[in-house]
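Protein chains: 4
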Amino acid sequence: MKNSNKLKIFNDPVYGFISIPDEFIFDLIEHKSFQRLRRISQTGLTQYVYPGATHSRYLHALGCLHLMQKAVSTLRQKNVQISPEEERALYIAILLHDVGHGPFSHALESTIVEGVHHEDISLRIMQRLNEEYKGELDLAIQVFQKKYHRKFLGQLIASQLDIDRLDYLKRDSFFTGVTEGNIGSDRIISMMNVREDELVIDVKGIYSVEKYLISRMFMYWQVYLHKTAFGVELYLIQALKRAKELYKMGERLPTTPALEYFLERDFNEKFSSDDIDVFLELDDNDVMFSIKQWQNHSDLILRTLAISVVQRRLPKAEIRNNPISKDELEEKRQAANQYFGEGAADYFVHQSELKIIPYDHEKYPILLMDKDGSCKDIADSEKQILTRPLFEPTIKYHFCYWNSDKLERIL
Amino acid sequence: MKNSNKLKIFNDPVYGFISIPDEFIFDLIEHKSFQRLRRISQTGLTQYVYPGATHSRYLHALGCLHLMQKAVSTLRQKNVQISPEEERALYIAILLHDVGHGPFSHALESTIVEGVHHEDISLRIMQRLNEEYKGELDLAIQVFQKKYHRKFLGQLIASQLDIDRLDYLKRDSFFTGVTEGNIGSDRIISMMNVREDELVIDVKGIYSVEKYLISRMFMYWQVYLHKTAFGVELYLIQALKRAKELYKMGERLPTTPALEYFLERDFNEKFSSDDIDVFLELDDNDVMFSIKQWQNHSDLILRTLAISVVQRRLPKAEIRNNPISKDELEEKRQAANQYFGEGAADYFVHQSELKIIPYDHEKYPILLMDKDGSCKDIADSEKQILTRPLFEPTIKYHFCYWNSDKLERIL
Amino acid sequence: MKNSNKLKIFNDPVYGFISIPDEFIFDLIEHKSFQRLRRISQTGLTQYVYPGATHSRYLHALGCLHLMQKAVSTLRQKNVQISPEEERALYIAILLHDVGHGPFSHALESTIVEGVHHEDISLRIMQRLNEEYKGELDLAIQVFQKKYHRKFLGQLIASQLDIDRLDYLKRDSFFTGVTEGNIGSDRIISMMNVREDELVIDVKGIYSVEKYLISRMFMYWQVYLHKTAFGVELYLIQALKRAKELYKMGERLPTTPALEYFLERDFNEKFSSDDIDVFLELDDNDVMFSIKQWQNHSDLILRTLAISVVQRRLPKAEIRNNPISKDELEEKRQAANQYFGEGAADYFVHQSELKIIPYDHEKYPILLMDKDGSCKDIADSEKQILTRPLFEPTIKYHFCYWNSDKLERIL
Amino acid sequence: MKNSNKLKIFNDPVYGFISIPDEFIFDLIEHKSFQRLRRISQTGLTQYVYPGATHSRYLHALGCLHLMQKAVSTLRQKNVQISPEEERALYIAILLHDVGHGPFSHALESTIVEGVHHEDISLRIMQRLNEEYKGELDLAIQVFQKKYHRKFLGQLIASQLDIDRLDYLKRDSFFTGVTEGNIGSDRIISMMNVREDELVIDVKGIYSVEKYLISRMFMYWQVYLHKTAFGVELYLIQALKRAKELYKMGERLPTTPALEYFLERDFNEKFSSDDIDVFLELDDNDVMFSIKQWQNHSDLILRTLAISVVQRRLPKAEIRNNPISKDELEEKRQAANQYFGEGAADYFVHQSELKIIPYDHEKYPILLMDKDGSCKDIADSEKQILTRPLFEPTIKYHFCYWNSDKLERIL
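Protein chains in written order, with the UniProt record's numbering: chain A, 1 to 411; chain B, 1 to 411; chain C, 1 to 411; chain D, 1 to 411.
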């Protein structure tokens with residue numbers, strides 16, 4: 001599978017060296033569709049709170065490729081048969097699993113390309129690459145779609161302990177500096193095994209898995225659902241939503257051609273091939289450039305949201321254990337409407353329920369395999385010390401509203 | 001100097017926590033002029049070669065603030081007197097030392113704002129902030145300009161072992177994953193001392209300093225002067241240069257208002273106040289957005305350079321021990337002219353002399369202080385093992401030219 | 001407090017540099033009673049399971065001194081008043097808190113110096129040093145005994161989040177390589193605060209504390225109560241117990257003078273001054289040397305235990321969720337008696353209940369301080385995500401018995 | 001080669017997990033001869049200066065086994081053929097390469113087993129194990145003796161860039177906390193290749209190799225030849241030498257049976273089989289126990305040396321760039337003789353020439369392999385930046401003598 005005179009190695013601050021397993025994979029990396037991921041930040045506006053988190057989806061995808069090579073090598077050492085074709089399919093599928101991400105993904109998915117999931121776009125782009133490369137991605141696409149008969153291949157791409165999570169939790173912990181979220185990806189991979197084509201974990205790895213479940217919790221509450229980062233993302237979403245509405249009202253805004261294409265259209269169903277073309281032009285620069293321009297726009301709502309996002313004049317954001325009372329909500333809504341005009345509250349006041357199940361053992365059980373080959377759910381192991389308390393979901397409430405003090409300063 | 005109920009702490013992947021020493025410093029950080037640094041990458045296009053190097057100048061400035069607090073605390077423990085005013089001046093000066101950096105600094109300084117140094121712009125912005133804050137930055141500006149009578153304050157801002165270098169070498173090593181460049185910033189700072197108002201190093205720190213000098217060498221040859229990163233930056237410079245020429249010929253290009261302002265003007269002398277205003281609007285997004293648009297421009301030279309930079313169709317780049325021969329240079333120039341038309345060679349073929357003096361002991365001597373208080377140049381120490389070989393400059397030659405194979409693919 | 005020409009710095013793999021705050025502390029470190037800790041392993045026979053865990057109590061004590069300096073500096077930055085005398089008392093007390101540890105402490109405390117706690121011996125040695133140094137340790141002893149009126153000083157020495165634990169958990173995690181146990185000592189210290197002379201934690205530190213509580217659990221189950229390490233320690237205890245009994249029967253064994261002194265005596269009450277003298281001669285070498293000799297002794301029980309410990313012919317050890325049944329226990333006891341003669345079962349078959357309360361909020365509440373200065377138990381915080389599940393004790397059962405297969409090989 | 005139900009994994013603070021490749025290797029690790037290495041410190045008395053350096057030769061050997069597995073896997077990925085027999089031979093040879101080390105090796109080799117090298121003893125022990133295991137070590141022994149026809153196997157065991165050095169430099173740097181010595185073992189191994197059965201390095205690894213050469217220098221001057229550590233080792237050697245002389249004069253000292261055996265005998269030639277038997281009983285405990293006893297011996301010289309070593313009353317030690325003058329040497333010798341009696345100077349006053357060649361390119365050239373398969377010495381590479389200055393040997397002089405102030409305190 002190797003061609004030694006084009007062996008390529010990337011430096012990665014997380015794993016050291018990342019080597020590229022063969023030339024075809026290298027060509028995929030060099031492809032324009034994949035290079036676009038360089039310009040898409042992995043964690044969006046989270047860098048407003050954790051300034052180190054400027055890493056790109058490109059690097060995450062390379063990191064996944066690295067971990068997948070470790071996984072293949074570990075499983076083969078344990079006498080799990082993986083053919084060269086299956087191996088390559090795993091590499092392609094994990095490399096491209098996020099290729100359909102747009103800039104500030106959640107923001108886009110909620111507004112600009114409403115109703116179109118990034119997984120679907122990833123699949124579409126893979127299919128397009130498959131045409132270009134004359135069927136070389138056939139098996140990868142089967143694995144990505146979980147249609148391949150050996151289940152563990154798909155589980156390595158997407159499951160409770162998939163390679164995607166093993167990279168992004170470790171990587172996001174690394175770049176944010178939130179050490180509580182640092183998981184032992186290497187250790188978990190070294191404990192992977194396969195029984196009857198299902199992915200399982202050797203029993204010795206139990207504490208690495210428990211630590212992983214807990215670290216994931218820390219990452220959710222400290223990073224992904226951080227009150228301020230979550231709040232500023234909400235405001236970005238509102239800015240794009242407002243922009244789209246202004247377009248519907250016949251206005252045009254200073255923006256980039258690619259973003260304008262999406263502001264002008266609705267996508268209730270799947271993308272057309274043309275849509276994919278334009279989508280592949282879009283990256284974080286389009287959004288940031290546009291938002292910067294909108295700071296001077298005449299529409300008060302758009303202007304306020306843009307200034308809030310660009311200049312980090314952040315909304316007031318809280319996380320609470322109980323739902324926000326109707327009265328409190330109404331009070332903030334009225335204040336917003338009063339200040340910005342009727343209807344503004346929908347842009348400026350938000351309540352969101354945040355629900356995390358640390359270990360969803362029904363949907364995604366983690367199986368531990370004993371030395372004798374028998375398997376049981378991690379929660380039923382004699383050794384478990386922290387898993388059982390992790391069955392219960394944690395529910396909190398994010399509340400984010402217009403803070404007149406802050407915003408007055410900026411208008 | 002503290003106000004405990006607004007103490008702010010940032011997470012940093014390099015140092016863990018960075019705390020903000022007082023409210024005024026915090027206000028400076030929140031200032032729009034400083035927040036702009038979030039959108040300026042510390043190492044520009046180096047991320048094309050080291051994909052982890054997406055960190056911003058904002059984070060570097062915070063890192064400097066952190067190290068400066070360590071330095072102040074270390075020196076005070078060694079009974080060096082530093083007044084609260086001097087302390088704050090150090091923090092302000094190091095925080096703002098790079099505030100005048102534009103996007104892809106070297107590129108800009110060579111073209112867009114030709115002849116205007118980022119240090120000068122930093123100073124201008126500091127002066128403007130000083131007006132806004134009614135003289136609070138007076139002492140910081142003196143220190144920054146090396147006009148303050150206690151020399152070591154200025155040396156902490158800029159010298160062979162200044163806080164700026166101690167942060168950026170460590171940080172760039174960290175984010176690139178080039179571990180050969182990892183310096184012991186903490187160790188060097190813990191060895192700092194002051195004698196007769198000059199910054200010196202306790203003799204016990206000799207090996208940390210030697211390692212620093214060597215790591216710096218590694219960073220230069222592996223990162224800052226990496227043949228490919230250096231090459232793509234050259235092409236970015238040429239693209240901006242070409243754009244500016246097209247403006248002179250009366251054309252207008254798709255770009256952002258702020259960048260257009262600079263493409264339309266020449267700056268042979270200092271900036272006007274208006275120039276500063278627009279400069280503060282400019283960040284990496286303006287350049288990347290524009291280059292992306294220029295991929296479709298009718299001018300063959302601009303289009304080629306833009307595609308080369310955006311799609312990573314990189315020029316052929318080499319580093320050699322000897323100057324490139326006239327014949328070879330001429331051959332590549334002719335090829336470029338033939339392909340793109342007369343005059344194109346100036347854009348596509350470049351030779352650069354790269355000269356590094358590992359330890360420039362004449363310009364910036366490093367003084368070691370013995371237990372008895374006597375000082376000598378590190379190179380004269382009985383303990384030195386690697387310093388003397390580091391007097392000699394290393395000279396190499398970068399050669400970068402149009403690679404017809406690669407470019408044909410993209411046009 | 002500093003005398004710059006005798007400033008001493010130690011290298012530490014965990015924290016980098018450890019500096020010694022003043023000359024008197026340095027003299028204590030150089031004292032023979034403290035140097036003895038170099039020859040006492042921090043985690044005893046745990047290195048049988050985790051071969052990196054060869055670190056000494058000496059290093060742990062230095063590590064504590066380092067963290068205490070961080071704590072003092074943090075608290076002063078938050079305007080907590082700590083006088084130079086209190087500061088020095090903290091350093092002395094934490095440096096010497098373990099000075100009374102014998103070799104393989106738990107083993108010794110269960111047998112050789114039965115009924116005498118290492119804390120009491122530490123106190124006795126401190127008092128002796130206090131005489132030698134003419135009262136210099138007065139305040140340190142008060143703090144160590146929790147008799148000082150400002151409660152937080154004593155809490156820094158011994159409490160749920162004391163400096164002792166913050167060092168040993170981090171250090172033992174580091175040297176064992178059990179990364180699940182790696183706590184953020186620095187982060188926790190940077191979040192320490194004092195309210196009404198009580199140690200509290202700033203609310204921002206909540207996740208560092210939760211991670212600490214969980215990491216501590218991991219360290220208990222993976223390291224301190226590891227079935228094999230716990231088992232081999234039980235056998236070491238039995239070997240010493242057997243040796244003591246042989247002495248009572250009038251035998252003499254090959255051993256060292258210091259250890260013999262303790263094998264010949266019973267200590268139901270406090271140590272005499274002579275006892276302390278001999279105790280200070282004792283270190284790991286005495287025990288290991290003796291056990292090595294006993295491998296050839298004629299007493300079958302002693303010989304078997306010694307071989308088991310020295311040659312790592314370990315007993316069969318298990319950890320279970322339920323108590324061992326009477327039948328099973330009886331079966332193993334009979335097998336032991338049959339093989340080694342009546343009475344042997346007491347040496348070779350052991351059941352131990354292991355009970356861990358992750359967060360004992362009644363005995364040692366952790367108080368979080370909000371920005372407004374109000375405090376509440378961490379378990380009552382709106383932000384807590386993992387603390388509540390940590391109230392419940394975990395109980396497991398260690399079972400360890402003679403494994404005829406293994407032992408036959410060695411006799 | 002694997003037997004999945006006995007797969008064993010060790011935790012290692014340096015590499016994380018170390019897995020044992022097969023059952024036979026595991027049996028060797030469990031063997032009494034190998035377990036002895038647990039009780040032999042890797043860096044002897046260096047822990048007097050670097051208190052973290054308590055790691056054992058056992059852990060170093062396991063670390064080598066780990067790196068060797070990496071090397072085999074890397075080379076196979078580059079299509080270097082290595083048969084399962086060769087693979088196992090590499091593992092056995094590297095695991096056992098140091099099995100003949102005695103306690104405080106250099107001390108012993110200079111005195112107790114004068115003239116017998118630890119490599120020879122390692123070989124003898126391997127041969128004995130080979131008998132026990134009926135020829136299973138045949139190939140390993142050939143490789144260890146560099147008699148195998150494929151040269152690179154022997155080079156992986158012993159050469160400029162062998163696995164032994166790659167582990168001990170990294171490990172000693174780790175445990176001492178001397179970060180200047182931290183080499184990128186993983187990176188160097190990932191750059192290993194084989195051409196015509198010779199070990200070479202891919203050209204991309206040049207900076208990792210240059211960093212390695214420099215880090216090795218730092219380790220020599222900061223650790224292995226540290227003036228104090230080197231001095232205390234000299235005094236330990238003298239103590240053993242003095243003990244041996246007292247035995248020759250007919251005295252017997254308190255010591256262990258195994259050490260006494262060696263104090264009573266001279267070994268000018270190879271060991272007998274009996275000698276090996278007793279040698280395998282010997283570890284650090286024997287030496288430390290004996291030295292501790294000798295602190296009270298009537299012989300003034302022995303007593304002084306013992307106290308100096310045990311209580312860390314260290315001799316005065318210096319490192320200079322020039323040889324010590326005859327006059328100065330004579331002065332110190334006279335002082336020693338005067339104080340301790342004629343002849344004492346040989347024990348208490350020492351000058352040693354220390355000579356390090358950073359890169360001995362004649363004896364052990366490092367070959368870089370270009371992409372086209374051609375090889376050249378690293379020093380001739382266009383890319384080298386630091387190698388050439390590393391040809392020159394560095395020579396310094398260690399001077400160590402009786403410091404009357406210090407010793408008077410203790411006698």
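Here a beta-carbon is modelled for each residue, glycine too, at the ideal position from N, C-alpha and C.
Next on the checklist: Strictly below 8 Å CB to CB, what residues from chain B border Arg320 (chain D)?
Outcome noted: Glu382
Checklist entry - Around the C-beta of Gly373 (chain D), are 16 or more other C-beta atoms found within 10 angstroms, so that it is buried, or is it exposed? => result exposed
Item to check | Proximity test, Cβ basis, 9 Å: Thr179 (chain D) and chain C | outcome: yes
Next on the checklist: Rounding to the nearest angstrom, what Cα-Cα distance links residue 482 (chain B) and Val203 (chain C) in this structure?
Outcome noted: Look at the range of chain B in this structure, 1 to 411, and you will see that residue 482 (chain B) is not part of it.
Checklist entry - Taking just the CA atoms, how far does Leu156 (chain C) sit from Met68 (chain C)? => result 8 Å
Checklist entry - Does DSSP put residue 415 (chain B) in a helix, a strand or coil? => result This structure does not reach residue 415 (chain B), given that chain B is present from 1 up to 411, and the question cannot be answered.
Next on the checklist: Which residues in chain B have a C-beta closer than 9 Å to the C-beta of Asn79 (chain A)? List them in chain order.
Outcome noted: Chain B residues near Asn79 (chain A): none, gap ~33 Å exceeds 9 Å.
Next on the checklist: Looking at chain D, is there any beta carbon in it that lies within less than 9 Å of the beta carbon of Arg252 (chain C)?
Outcome noted: no
Checklist entry - Out of curiosity, what's the CA-to-CA distance linking Asp286 (chain B) and Leu368 (chain C)? => result 45 Å
Checklist entry - By Cβ distance, which residues of its chain are closer than 8 Å to Leu280 (chain D), with the 5 residues on each side in sequence left out? => result Lys32, Ser33, Arg36, Ile125
Checklist entry - Residues bridged to Ser56 (chain C) by DSSP? => result C:Ser41
Checklist entry - Could one say the Cβ of Glu281 (chain D) lies closer than 9 Å to chain C's Cβ atoms, at least one of them? => result yes
Checklist entry - Going by DSSP, which residues form a beta bridge with Cys375 (chain D)? => result D:Met369
Next on the checklist: Within a Cβ cutoff of 6 Å, which residues of the same chain sit near Ile18 (chain A), ignoring the five residues on either side of it in sequence?
Outcome noted: Phe10, Asp12, Leu62, His66
Checklist entry - If we call anything under 9 Å between Cβ atoms a contact, is Thr46 (chain A) one with Val309 (chain A)? => result no
Next on the checklist: Report the CB separation of Lys211 (chain B) from Gly184 (chain B) in whole angstroms; it is logged as a contact under 8 Å.
Outcome noted: 7 Å
Item to check | Backbone secondary structure at Arg195 (chain A) - three-state DSSP | outcome: strand
Checklist entry - Hey, how far is the Cα of Ser173 (chain C) from the Cα of Leu354 (chain C)? => result 20 Å
Checklist entry - First and last residue of the alpha helix (DSSP H) that includes Ser122 (chain D)? => result 118 to 132
Next on the checklist: By the 9 Å beta-carbon criterion, what residues does the segment 202 to 226 of chain D contribute toward chain B?
Outcome noted: Tyr207, Ser208, Glu210, Lys211, Ile214, Ser215, Met217, Phe218, Tyr220, Trp221, Gln222
Checklist entry - Quick one: what does DSSP say Arg320 (chain C) is sitting in, helix, strand or coil? => result strand
Checklist entry - On the three-pair Cβ rule with 8 Å, is the segment 80 to 92 of chain A touching the segment 229 to 237 of chain A? => result no
Item to check | Assumed close pair Asp283 (chain B), Arg39 (chain B) - CB separation to whole angstroms, cut-off 8 Å | outcome: 4 Å
Next on the checklist: Using C-beta distances below 7 Å, list every residue in its chain close to Ile291 (chain D), excluding the 5 sequence neighbours before and after it, in chain order.
Outcome noted: Ala239, Ala306, Val309, Val310
Checklist entry - Would you call Pro393 (chain C) buried or exposed, if buried means 16 or more other Cβ atoms sit within 10 Å of its Cβ? => result exposed
Checklist entry - So, is the C-beta of Pro51 (chain C) closer than 9 Å to a C-beta in chain D? => result yes
Next on the checklist: Which of the three DSSP states is assigned to Leu354 (chain D) in this structure?
Outcome noted: strand
Item to check | Leu329 (chain B) versus B:Cys400, B:His106, B:Asp277, B:Asp197, residue with shortest Cα-Cα distance | outcome: B:Cys400
Checklist entry - Does any C-beta atom of chain A lie closer than 9 Å to the C-beta of residue 443 (chain B)? => result This structure cannot settle anything about residue 443 (chain B), because the visible part of chain B is limited to 1 through 411.
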